[in-house]
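If you read the sequence shown in this note's numbering, its first letter stands for residue 667, the second for the next number, and so on. For reference, the structure is listed below as structure tokens.
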Amino acid sequence: MASKYYAIKEGYDFSLNKKVENKIVNTWAECQKYIKGVKGAKYKSFTSETEAKSFLFEGSGMLKKGVDNYPMDCLHIYVDGSYNISTEKYSYALVAVKNNIVEYVESGSSQSNSDRNIRQIAGELEAAVRGLEYAIEKREERVVIFHDYEGIAHHATGFWNRNEESSVKYHNKMNSLMNKGTEVIFVKVDSHTGDLFNELADEKCKEELSIESENAVYSYLRDNTITVVNAEVKSKLKTLAKDRIDNIITLDGSVDFEEEASNSEIIDNNTIKEDINKVIAINEYEDVLYKDLAFYLKKLPLEKQKDVLNYAEYLYNKERKLNQ
Numbered sequence: 667m668a669s670k671y672y673a674i675k676e677g678y679d680f681s682l683n684k685k686v687e688n689k690i691v692n693t694w695a696e697c698q699k700y701i702k703g704v705k706g707a708k709y710k711s712f713t714s715e716t717e718a719k720s721f722l723f724e725g726s727g728m729l730k731k732g733v734d735n736y737p738m739d740c741l742h743i744y745v746d747g748s749y750n751i752s753t754e755k756y757s758y759a760l761v762a763v764k765n766n767i768v769e770y771v772e773s774g775s776s777q778s779n780s781d782r783n784i785r786q787i788a789g790e791l792e793a794a795v796r797g798l799e800y801a802i803e804k805r806e807e808r809v810v811i812f813h814d815y816e817g818i819a820h821h822a823t824g825f826w827n828r829n830e831e832s833s834v835k836y837h838n839k840m841n842s843l844m845n846k847g848t849e850v851i852f853v854k855v856d857s858h859t860g861d862l863f864n865e866l867a868d869e870k871c872k873e874e875l876s877i878e879s880e881n882a883v884y885s886y887l888r889d890n891t892i893t894v895v896n897a898e899v900k901s902k903l904k905t906l907a908k909d910r911i912d913n914i915i916t917l918d919g920s921v922d923f924e925e926e927a928s929n930s931e932i933i934d935n936n937t938i939k940e941d942i943n944k945v946i947a948i949n950e951y952e953d954v955l956y957k958d959l960a961f962y963l964k965k966l967p968l969e970k971q972k973d974v975l976n977y978a979e980y981l982y983n984k985e986r987k988l989n990q
């Protein structure tokens with residue numbers, strides 16, 4: 667009897683509690699393992715492996731990172747989602763990058779009322795929608811969306827059938843957004859393979875659900891740096907960076923005053939201690955004499971003097987609020 671190849675576009679592995687995509691198996695028994703009881707499962711049998719692969723990938727409109735070429739001179743957005751079985755909540759995250767500089771990070775979580783095999787992807791679909799909305803808000807002509815769930819591309823383009831309400835809503839929403847003029851290019855990236863920005867999105871998702879991550883970002887920062895546009899973006903990565911937060915560099919040189927305050931070493935109420943690379947400012951703004959402040963300012967480059975004055979104002983306003 668001739669061998670058969672079963673091509674599974676969409677299925678689910680209940681033993682491992684994860685979705686199955688574009689998988690080829692050689693027996694009907696193994697195929698059933700991934701499709702039985704899965705609402706909207708997509709599969710087909712073939713007599714050759716070549717035909718099976720063609721069924722899975724031809725005409726999908728999806729590229730693969732590390733294999734295909736895609737634009738490098740435009741906005742790149744990495745999207746991901748996660749799910750917590752115990753709380754039945756899902757999360758989403760997106761990381762927007764241009765020229766290897768992180769310019770925007772967003773994440774969130776919500777309760778899921780979907781079927782078991784659908785709620786796993788709810789966050790990934792939401793992340794893709796929010797990512798495209800961000801690109802449109804920024805008036806980007808073109809955006810590359812990186813994703814590990816293939817349905818991000820296939821449901822948006824219509825390559826996969828839409829048998830669930832969630833995929834229908836996603837398809838309609840994405841096409842409504844794509845008709846606004848921003849060109850969208852979908853690129854598949856394998857999860858947990860050391861892709862930095864994909865790991866950022868993954869860990870932000872897990873953070874939203876209090877799920878322990880593999881700390882890939884923290885490990886990366888041991889010997890490397892990540893550049894972000896400003897202190898606001900840096901603050902969103904603070905919990906991932908932990909004690910390696912100094913290896914996240916702000917492009918505009920802005921200061922996260924809350925971070926500086928937590929790292930400040932105060933000698934006494936009337937003294938400023940100077941570290942080699944940063945100013946650790948005052949504890950009580952009112953008690954600093956103008957001549958002392960001028961003395962310390964003269965020791966700093968001009969571009970740092972403004973940061974000190976802004977920080978002093980920040981402390982003053984903070985103290986006023988406490989006393990109100």
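Using N, Cα and C, we set each Cβ at its ideal position, and we do this for glycine too.
Give the DSSP-derived three-state secondary structure of S879 in the structure shown. Residue mapping note: residue 879 aligns to position 213 of the sequence shown, counting from 1. Judged by DSSP in its simplified three-state form, S879 adopts coil rather than helix or strand.
Looking only at DSSP bridge pairs, what is E687 linked to? The residue labelled residue 687 in the question sits at position 21 within the sequence shown. Answer by DSSP bridge pairing, in chain order: E676.
Cβ neighbours of V809 in the same chain (closer than 8 Å, five flanking residues each side left out): The sequence position of residue 809 within the sequence shown is 143, counting from 1. The beta carbon of V809 sits closer than 8 Å to the beta carbons of C740, L741, H742, I743, G797, L798, A801, T848, E849, V850 and I851 from its chain, once the five residues preceding and following it are set aside; these are given in chain order.
Where G732 falls, given that 16 or more other Cβ within 10 Å makes a residue buried: If you number the sequence shown from 1, residue 732 lands on position 66. Counting Cβ neighbours within 10 Å, G732 comes out exposed, since fewer than 16 surround it.
Quick one: Cα of L760 to Cα of I690, how far? Indexing the sequence shown from 1 puts residue 760 at position 94. Indexing the sequence shown from 1 puts residue 690 at position 24. Pairing L760 with I690, the inter-Cα distance amounts to about 30 Å.
With burial defined as no fewer than 16 other Cβ atoms inside 10 Å of the residue's Cβ, what is the status of S842: buried or exposed? Within the sequence shown, the letter at position 176 stands for residue 842. So S842 counts as exposed.
Along the alpha helix (DSSP H) that carries G774, what are the first and last residues, could you check? Counted from its first residue, the sequence shown places residue 774 at position 108. Unbroken run through G774 is the beta strand (DSSP E), I767 to Q777; no alpha helix (DSSP H).
Pop quiz: I787 and G824 are said to be a contact at Cβ under 8 Å. What is the actual Cβ separation, rounded to whole angstroms? Here residue 787 corresponds to residue number 121 of the sequence shown, with the count starting at 1. Here residue 824 corresponds to residue number 158 of the sequence shown, with the count starting at 1. Under the criterion of beta carbons closer than 8 Å, I787 and G824 do not qualify as touching, at roughly 17 Å.
Proximity winner among Y736, V686 and K804, relative to V704 (alpha-carbon distances): In the sequence shown, the residue the question calls residue 704 occupies position 38. V704 has its Cα closest to that of V686, out of Y736, V686 and K804.
Do V899 and V771 have their CB atoms nearer than 7 Å? Start at 1 with the first residue of the sequence shown, and residue 899 comes out as number 233. Start at 1 with the first residue of the sequence shown, and residue 771 comes out as number 105. Yes, these two residues count as a Cβ contact at 7 Å.
Using the beta-carbon count (16 or more within 10 Å), is Y709 buried or exposed? Sequence index remark: in the sequence shown, residue 709 carries index 43 (1-based). Under this definition Y709 is a buried residue.
State buried or exposed for N688, treating a residue as buried only when at least 16 other CB atoms are found within 10 Å of its CB. Residue mapping note: residue 688 aligns to position 22 of the sequence shown, counting from 1. Taking every protein chain shown into account, the CB of N688 has 16 or more other CB atoms within 10 angstroms, so this residue is buried.
Can you name, in chain order, every residue of its own chain whose Cβ lies under 6 Å from the Cβ of E792, other than the five neighbours on each side? For this step, residue 792 is matched to residue 126 along the sequence shown. Around E792: Y758.
Considering Cα atoms alone, identify which of C697, S775 and K670 is closest to E1050. Nothing about residue 1050 can be reported from this structure: the residues present for the chain run from 667 to 990 only.
Would you identify the three-state DSSP class for E849, choosing helix, strand or coil? In the sequence shown, the residue the question calls residue 849 occupies position 183. The answer is strand: DSSP assigns E849 an E or B state.
Length of the line joining the Cα atoms of E865 and Y886: The sequence position of residue 865 within the sequence shown is 199, counting from 1. The sequence position of residue 886 within the sequence shown is 220, counting from 1. A direct Cα-to-Cα measurement between E865 and Y886 gives close to 10 Å.
Within 10 Å of its beta-carbon, does V834 have 16 or more other beta-carbons around it, so buried, or fewer, so exposed? Within the sequence shown, numbered from 1, the residue matching residue 834 stands at position 168. Exposed, by the Cβ-count rule.
Separation of I751 from E831, as counted between CA atoms: What you label residue 831 is simply residue 165 of the sequence shown in a count that begins at 1. What you label residue 751 is simply residue 85 of the sequence shown in a count that begins at 1. Looking at the two C-alpha atoms, the distance is approximately 21 Å.
Neighbourhood of F680 by C-beta distance below 8 Å, restricted to the same chain and skipping five residues each side: The count along the sequence shown starts at 1 and reaches residue 680 at position 14. The answer, listed in chain order, is G703.
Here's the rule: buried if 16 or more other CB atoms are within 10 angstroms of the residue's CB, otherwise exposed. What is Y672? Locating residue 672 in the sequence shown gives position 6, where the first residue counts as 1. Classification of Y672: buried, given that the 10 Å Cβ count is 16 or more.
Excluding five sequence neighbours on each side, which residues of the same chain lie with their C-beta closer than 7 Å to the C-beta of K908? Residue mapping note: residue 908 aligns to position 242 of the sequence shown, counting from 1. Contacts found: Y884.
Straight-line CA distance for Y756 to V763? Taking the sequence shown and counting its residues from 1, the one referred to as residue 756 is at position 90. Taking the sequence shown and counting its residues from 1, the one referred to as residue 763 is at position 97. Roughly 24 Å separates the two Cα atoms.
Between the CA atoms of F721 and W694 - distance to the nearest angstrom: On the sequence shown, position 28 is the one that residue 694 refers to. On the sequence shown, position 55 is the one that residue 721 refers to. Distance between the alpha carbons of W694 and F721 is about 17 Å.
Whole angstroms are fine: how far does the CA of V974 sit from the CA of L988? To locate residue 988, count along the sequence shown from 1; it is residue 322. To locate residue 974, count along the sequence shown from 1; it is residue 308. Those two C-alpha atoms are separated by around 21 Å.
Rounded to whole angstroms, what's the CA-CA distance from H837 to N829? Just pull it up for me. By 1-based counting over the sequence shown, the position of residue 837 is 171. By 1-based counting over the sequence shown, the position of residue 829 is 163. Spanning the two alpha carbons is a distance of roughly 11 Å.
So Q777 and E807 are in contact, right, with Cβ under 8 Å, and what is the actual spacing, rounded? Counted from its first residue, the sequence shown places residue 777 at position 111. Counted from its first residue, the sequence shown places residue 807 at position 141. Under the criterion of beta carbons closer than 8 Å, Q777 and E807 do not qualify as touching, at roughly 36 Å.
Strictly by DSSP, which residues pair up with A759? As a working note, residue 759 is residue 93 in the sequence shown. According to DSSP, A759 bridges with D746 and S773.
When burial is assigned at 16 or more other CB atoms within 10 Å of the CB, is S876 buried or exposed? Reading the sequence shown from its first residue, position 210 is the one you call residue 876. S876 should be labelled exposed.
Quick one, are the C-beta atoms of V855 and D814 less than 7 Å apart? For this step, residue 855 is matched to residue 189 along the sequence shown. For this step, residue 814 is matched to residue 148 along the sequence shown. It is a contact, given that the beta carbons lie within the stated cut-off.
Are the beta-carbon atoms of K846 and V795 separated by less than 7 Å? Indexing the sequence shown from 1 puts residue 846 at position 180. Indexing the sequence shown from 1 puts residue 795 at position 129. No, these two residues do not count as a Cβ contact at 7 Å.
If the criterion is Cβ atoms closer than 7 Å, does the pair N913 and T893 meet it? Against the sequence shown, residue 913 aligns to sequence position 247. Against the sequence shown, residue 893 aligns to sequence position 227. No, the Cβ-Cβ distance between N913 and T893 is not below 7 Å.
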